[in-house]
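**Student:**
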Amino acid sequence: MQRAVLTNSLARCKLESFLSQVGNDLPRPAIWRPCRSEFPLRNRKPATCVFTLVASLVLCACGLRALTSQASWHGLLRDAAGKNLAGASVVLRAEGSGREYTTVTDSAGAFSFDELPAGNYSLAVQGQGSTSRASARLTLHSGERRVDTLRLIAGDELKFEPQSAEGARQAGQGERLSSRDISELPLNKRDFSQLLLLAAGTMTDTNGAANFTQQFAMNGQRGTTAVFAMDGIDITDPEMGGATFSNFNVDAIQEIQSSSGVLPAEIGQGAAGFTNIVTKSGTNALHGSVFEFVRNAAFDARNFFDRRSLAQPGRIPPFVRNEFGFTNGGPVVMPGLYDGRGRTFYFGQYQGFRQVLGTTQVLAVPTLAERQGLDTTAFRGDTLVVPIDPRVEPALAGYPRPNDPRGPFGARTYATSSRVATTTDQFSLRIDHRISAKARLLARFNFNQVNGPLTNPSQTAIDPSFAIRFFDHQRNFGLSYTRTPSANFVSESSFGVIRSTPMFPTVNHTQPALKFADGLYEAFNAPGGGVMGAHGALLQARQNFTWVRGAHTFKFGGEARFNRDATFYGLAPNGQYTFGGGTAYAPVAMASMSGLHNLLPGDPLPDSLTGFLTASPYSYTAAVAAPLFPQGEDIGESAIRREAYNVYFQDTWKASPRLTLNFGLRYEVNTPIREAKHLTSSAFIVGPDGQPARYWDPGVRQKVLFYPQPPYAMDWNGWGPRLSLEWRATDNTVLRAGGSISTLLPNLWQDNFMTGGAPFVFYPYVTASSGAPVPFENAVTAFNLPPVYTPSGQLVFATGRSMDVPANTELDLLRFERDLAAVSPGHMIQPLSLFVMAQDFRNGYIGTYTAGVEHREKSITLSAAYVATIGVHLPSAIYPNGFGGADAAYSPFTERDATGRIVGGYGSESLMTSPSHSTYHALQLGAGKTSERAGLGFEASYTFSKSLDDTSTVLGGQGGGPGPEIASVPQDPRNPGAEKGPSTFDINQVFTLSLIQALPLERVDWLQSLGKKLTAGWQLLSIATLASGPPFTVFSGIQQTGAGSNGADRPDQIGRPDFSTHRPVREDYFGRGADNSSFFSIPIGVPDGTGPNQGRFGTLGRNTFRGPGYHNVDLSLIKDTAFGRRGNAEALTLQFRAEFFNVFNLVNFGLPSNIVRGSGFGLISSTAGPSRQIQFSLKLLY
463 MQRAVLTNSL ARCKLESFLS QVGNDLPRPA IWRPCRSEFP LRNRKPATCV
513 FTLVASLVLC ACGLRALTSQ ASWHGLLRDA AGKNLAGASV VLRAEGSGRE
563 YTTVTDSAGA FSFDELPAGN YSLAVQGQGS TSRASARLTL HSGERRVDTL
613 RLIAGDELKF EPQSAEGARQ AGQGERLSSR DISELPLNKR DFSQLLLLAA
663 GTMTDTNGAA NFTQQFAMNG QRGTTAVFAM DGIDITDPEM GGATFSNFNV
713 DAIQEIQSSS GVLPAEIGQG AAGFTNIVTK SGTNALHGSV FEFVRNAAFD
763 ARNFFDRRSL AQPGRIPPFV RNEFGFTNGG PVVMPGLYDG RGRTFYFGQY
813 QGFRQVLGTT QVLAVPTLAE RQGLDTTAFR GDTLVVPIDP RVEPALAGYP
863 RPNDPRGPFG ARTYATSSRV ATTTDQFSLR IDHRISAKAR LLARFNFNQV
913 NGPLTNPSQT AIDPSFAIRF FDHQRNFGLS YTRTPSANFV SESSFGVIRS
963 TPMFPTVNHT QPALKFADGL YEAFNAPGGG VMGAHGALLQ ARQNFTWVRG
1013 AHTFKFGGEA RFNRDATFYG LAPNGQYTFG GGTAYAPVAM ASMSGLHNLL
1063 PGDPLPDSLT GFLTASPYSY TAAVAAPLFP QGEDIGESAI RREAYNVYFQ
1113 DTWKASPRLT LNFGLRYEVN TPIREAKHLT SSAFIVGPDG QPARYWDPGV
1163 RQKVLFYPQP PYAMDWNGWG PRLSLEWRAT DNTVLRAGGS ISTLLPNLWQ
1213 DNFMTGGAPF VFYPYVTASS GAPVPFENAV TAFNLPPVYT PSGQLVFATG
1263 RSMDVPANTE LDLLRFERDL AAVSPGHMIQ PLSLFVMAQD FRNGYIGTYT
1313 AGVEHREKSI TLSAAYVATI GVHLPSAIYP NGFGGADAAY SPFTERDATG
1363 RIVGGYGSES LMTSPSHSTY HALQLGAGKT SERAGLGFEA SYTFSKSLDD
1413 TSTVLGGQGG GPGPEIASVP QDPRNPGAEK GPSTFDINQV FTLSLIQALP
1463 LERVDWLQSL GKKLTAGWQL LSIATLASGP PFTVFSGIQQ TGAGSNGADR
1513 PDQIGRPDFS THRPVREDYF GRGADNSSFF SIPIGVPDGT GPNQGRFGTL
1563 GRNTFRGPGY HNVDLSLIKD TAFGRRGNAE ALTLQFRAEF FNVFNLVNFG
1613 LPSNIVRGSG FGLISSTAGP SRQIQFSLKL LY
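Under my numbering, the first residue of the sequence shown is numbered 463, with each subsequent residue one higher.
Structural data, given as structure tokens:
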């Protein structure tokens, strides 16, 4: 594993402590420009005042004192046999000034130099008692924190060991990114997490990123399994996973340590990858930066779909962005009270972000003919005249009229842009205090206020009130105390708190959601007043010890983690009607123009359009809170609790000068999820004897319990062995191999099916059947919920307090359904949907094994590795009662009368369990050059991989529009294993390149007349990504079998599409335009078929096709101009940056619409990345 700081001895641990203790040196040059806002003054006035004040103070401070560009060097000295050399003299002599710096190696062979001026040095090393002296040259760059291992051979020869072989390395992969990489490489939105994609085996995973946290699938594992930390303190979102503070000011980051593969035993929490952001600390010199980045639409190229509107053929959506802020660090000095020079340091930063972005939206909406009741798609070559029900006329009128008949949805295409505003303000303060020569303290506080963006700009293109807003208030506090009582023992104690509050409030609370399972139109108010959010908090306490004894470096410790969260969830409290997907029936007669396809009342409707126009939905559901429990925006409120504990031991053993072994063991255990006020429930399947049974056993029934104890079995099997080895075959070649097992903790958001369900929030679910249509009202339906009883007739909440109800109280929900029907119009039984936890739910596990080689040739490092992972017992949902509208054969817990009509029982049931499995195999290649020779540095990686699973996420599903759609449910609820296929984040081939090239224009003869102020200090930086396309699935858009309808039915493939984006109509990915559906056949009306359409499951697999590839090159041109010299130091540097994102304006197409019966099937309606965008900035560094 490639980690930023490699520890194979106490000496290296001490070096890490020194680095943290002394802090950063001056960062790379930065610039500032006066804040010129594109926004109304009232929106920027407070930030502008603070910004201007800080800039003024900084300029004054810079004029009052001389500042230096400093570096540090730490190392480990060994003899020819690899034994650490104690008591050796290490002398640095600065070339030019002649100043000498001297130190002596400690008992572990470690030495350190802090706060060295950047420049060239001559190095002399003399062993204890030796008369010989070895010498070499050393160059330190501004802000560099260099770490080396030196070998003294024959007393007078000094050899630098290759950086790649420093210390004990795990047999894995990762990325080390320095302050310079982070602050100077072109980053859109200055989001440092984008740099993680430069590491081999790392892909973006959007499946679980519901809260806009960046989630990364590392080595084939779900994004929720990646763990993030800042200065070693956890910053992973406590509820939803992913990184918080991804917008952290990059000028305040010292380095990013990214690890994956075979991780050491000290890293756990189910981490498929571990990323630690090391923040900058203050020094004795005052240093920092002031900056502003500006961007707007005038700098940008058109998006491919921007020109698709005939009404506005030349438009570019509006775009204005300003990023501004500062950093400042130095000693804590309070005149007359305290002088912290050399003892106490601070480093603070602020960054503001203001953006209004016009996002291109291409939607499917009703045509003019369809608004008049003419259906030309139900029967090929014929037109069905449909009487329009007055109840749907407001929705028809609410859709915008189509404006681009040549768009991907044909005559239904509406192209426009939606303005999305985002505002963030974040700051942090870090304090480093040296208590004594053996003890130091670090304290840091982060604050991040996020408001926006909207999550559904396609909906606001229809009606602004359909918006789902987003805001998150993130807080993080970390405290770390490190003590070194002796030269071979280090103790580190830390405490951390992370709080994140991702909330998604909706605006419209009167309009029900109207969705189209076959992708006919964009949904009308898709949110349906939905409530989703969490106030997550994690408290973390950790203790680590490091002990060096001979050739062994032992590290051991433990950790306790306490989750204290509040969640809110309600799916469509306004109500949700779904048209299509299943079979609805004609309420009135309909005539066709040919007379061949006339429909009579009670006939099955041919498509969702006829269902929509006649107000005949296939299904209806809503979230309805019981009167005793939170309502409105607090619906489904739950106080989630969980504790997790772990201990570990690891040993790095240098068995010989060429062989190092790393072995360790980690144990993790976590308590089952619980709720503070006992607001949990679950259903258990029991046989006639009351004992647990399988859902397919005869005579079984559901037993629904309030506050089940235990909710599921405690999993004590949290053992995680780790083993890896490193063998240096030659001085420049290292072979590595290893294997490990990691425990996956359940995700508190995705894997929790115990809270927010009945009897606290009810989800009645009704589907259409012959003679029993779903009642439709284009308004919120009021429910008069009856009380809940036990089977013996006792009120469950007799006192009105949940805490008074005994654990494991059985609920009579079947009586509740009957009582609800008795007080509802029409007295229709509405079976309840259940969300429950399996009793055998358990932790997941990741097995990792890898082997690789690394070779260094002069300044170039080459690497190749085989990496494989296996995920077992991964969480996923199964459906023991089928999907909505399932036949009796698939829904054993739904009660029917002799005619087949539903008279009770339960509807669809989602049972959280852990049966899923995943595999990943990859060849990962890397090449890098980090030296300054020829002014060129680069890092390149290539991954050729295959990731397979049977589901890539727990939550997900149909969005109720044309697509592209991703379903997390299986086609056959009885056979989820048939879903095995490529993971949704499986990208077979990825190549990334980051490059830094100094441009010595001052050496060009014909430019020298301009002077060095104009020609010196130029750099060219770039990040390039080339990737193959992601997988996608084709869905039929109709219920094919008796298993019910959940949008996951797939067709048969009868033709081979010619996938391309290079034909005359580039967005026609399948190649046949309006006839793209001819590649597939939907198996309905077949012998031995089931369900209302007498069909069977399609033979097409999951994720069988690949979307377009992704190609992007970002470029940054930087000019550093130094001024205000004092002595040999440069007091100020002004930096100008011009950044070009997607510099070649390559069109990266998104996935096509993938519902066969839906609008625009096989055509692409969006891009996977922006068009060319240009950004300018100024930064002042002092």
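All residues carry an ideal CB built from backbone N, CA and C; glycine is no exception.
Report the option in G1037, L830, R902 and V1548 whose CA atom is closest to the CA atom of A873.
**Tutor:** That would be L830, whose Cα lies nearest to the Cα of A873.
**Student:** Would you list the residues sitting across from R613 in a DSSP beta bridge?
**Tutor:** Answer is R540 and K621, bridged to R613.
**Student:** Using a 10 Å radius around the Cβ and a threshold of 16 neighbouring Cβ atoms, would you call M796 buried or exposed?
**Tutor:** With fewer than 16 other Cβ atoms within 10 Å, it is exposed.
**Student:** Would you tell me roughly how many angstroms separate the C-alpha atoms of S1403 and L1577, rounded to the nearest one?
**Tutor:** Whole-angstrom Cα-Cα distance: 18 Å.
**Student:** For R1634, which residues in the same chain have their Cβ closer than 8 Å to its Cβ, ignoring the five residues on either side in sequence?
**Tutor:** Once the five neighbours on either side are set aside, the close Cβ partners of R1634 are D762, A763, F1602, F1603, N1604, V1605, F1606 and N1607.
**Student:** Taking the straight line between their C-alpha atoms, what separation do you get for I1097 and P1172?
**Tutor:** So the alpha carbons of these two residues sit roughly 25 Å apart.
**Student:** Secondary structure at N1246, three-state DSSP: helix, strand or coil?
**Tutor:** In this structure, N1246 counts as coil in the three-state DSSP scheme.
**Student:** Considering only their Cβ atoms, is the gap separating A905 from P862 smaller than 9 Å?
**Tutor:** Not closer than 9 Å, so no.
**Student:** When the distance is taken between beta carbons, is R1512 closer than 9 Å to T1495?
**Tutor:** Result yes, Cβ atoms of T1495 and R1512 sit closer than 9 Å.
**Student:** Does the distance from the C-beta atom of E577 to that of N746 stay below 9 Å?
**Tutor:** Cβ atoms of E577 and N746: closer than 9 Å.
**Student:** Quick one: Cα of G914 to Cα of F815, how far?
**Tutor:** Going from the Cα of G914 to the Cα of F815 covers about 11 Å.
**Student:** Does the Cβ of Q1153 have 16 or more other Cβ atoms within 10 Å, making it buried, or fewer, making it exposed?
**Tutor:** Counting Cβ neighbours within 10 Å, Q1153 comes out exposed, since fewer than 16 surround it.
**Student:** Do you know how far the Cα of Q811 is from the Cα of P1493?
**Tutor:** The straight-line gap from Cα to Cα measures roughly 41 Å.
**Student:** Below 9 Å between beta carbons: does that hold for N1025 and G991?
**Tutor:** Not in contact: N1025 and G991 (Cβ atoms no closer than 9 Å).
**Student:** Residues in the same chain with beta-carbon distance under 6 Å from D1281, minus the five sequence neighbours each way, listed in chain order, please.
**Tutor:** Hits under 6 Å: P1248.
**Student:** By Cβ distance, which residues of its chain are closer than 7 Å to F978, with the 5 residues on each side in sequence left out?
**Tutor:** Closer than 7 Å at Cβ, skipping near neighbours: A985, F1041, G1042, S1070, G1422 and G1423.
**Student:** Cβ atoms of A1220 and S1143: under 9 Å apart, would you say?
**Tutor:** Taking 9 Å as the Cβ cut-off, S1143 and A1220 qualify as a contacting pair.
**Student:** DSSP three-state call for I707: helix, strand or coil?
**Tutor:** In the sequence as displayed, the identity of residue 707 is Phe instead of Ile. Coil.
**Student:** Suppose contacts are defined by Cβ-Cβ distances below 9 Å. Is G1306 in contact with T1205 by that definition?
**Tutor:** Closer than 9 Å, so yes.
**Student:** Candidates A1478, S948, A857 and T698: which alpha carbon is nearest L1210's?
**Tutor:** If we check each option's Cα against that of L1210, T698 comes out closest.
**Student:** Locate the beta strand (DSSP E) running through Q1637, then write down its first and last residues.
**Tutor:** Residues Q1635 to L1643.
**Student:** Less than 8 Å between C-beta atoms, sequence neighbours within five positions excluded: which residues of the same chain meet that for P508?
**Tutor:** At P508, the pLDDT of 40 sits below 50, so the modelled position is not reliable and the matter cannot be decided from this model.
**Student:** For V1166, write down the residues that DSSP places opposite it in a beta bridge.
**Tutor:** BP columns for V1166 point to A1145.
**Student:** Alpha carbon to alpha carbon, how far is L1398 from L1461?
**Tutor:** The straight-line gap from Cα to Cα measures roughly 9 Å.
**Student:** Hey, F1598 and F1638: beta-carbon distance below 9 Å or not?
**Tutor:** Closer than 9 Å, so yes.
**Student:** Throw me the rounded Cβ distance for the L1061 and M1055 pair, which I believe falls under 8 Å.
**Tutor:** Not quite, the Cβ-Cβ distance comes to about 13 Å (not below 8 Å), so this is no contact.
**Student:** Quick check on this structure: which residue in G1553, S1254 and G1262 has the alpha carbon closest to the alpha carbon of L1275?
**Tutor:** That would be S1254, whose Cα lies nearest to the Cα of L1275.
**Student:** So, helix, strand or coil for S471, using DSSP?
**Tutor:** Note that S471 scores a pLDDT of 35, beneath 50, so its modelled location is shaky; the value from the coordinates is reported in the next line. The answer is coil: DSSP assigns S471 none of H, G, I, E or B.
**Student:** When the Cβ atoms of the stretch 1134 to 1148 are set against those of the stretch 1234 to 1252, are three or more pairs found closer than 8 Å?
**Tutor:** Short answer: they don't touch.
**Student:** What residues are listed by DSSP as bridge partners for V1196?
**Tutor:** Note: V1196 sits in a beta bridge opposite R1190 and E1316.
**Student:** Check the C-beta distance from Q1301 over to F1146 and give it rounded, since I have them as a contact under 8 Å.
**Tutor:** 7 Å between Cβ atoms; contact.
**Student:** In this structure, does DSSP put P1287 in helix, strand or coil?
**Tutor:** Three-state result, P1287: helix.
**Student:** Could you compute how far the alpha carbon of V1527 sits from the alpha carbon of I1626?
**Tutor:** Roughly 10 Å between the two C-alpha positions.
**Student:** Considering only the alpha carbon of each residue, which of F809, D610, A705 and F889 lies closest to F1645?
**Tutor:** There is no way to answer for residue 1645, as the model of the chain reaches only from 463 to 1644.
**Student:** Which whole runs of the beta strand (DSSP E) in the stretch 870 to 935 are 3 residues long or more, in chain order?
**Tutor:** List check, beta strand (DSSP E) in window: 875 to 898 and 901 to 913.
**Student:** What first and last residue would you give for the beta strand (DSSP E) that runs through A1384?
**Tutor:** I1364 to K1391 is the span of the beta strand (DSSP E), which, as asked, contains A1384.
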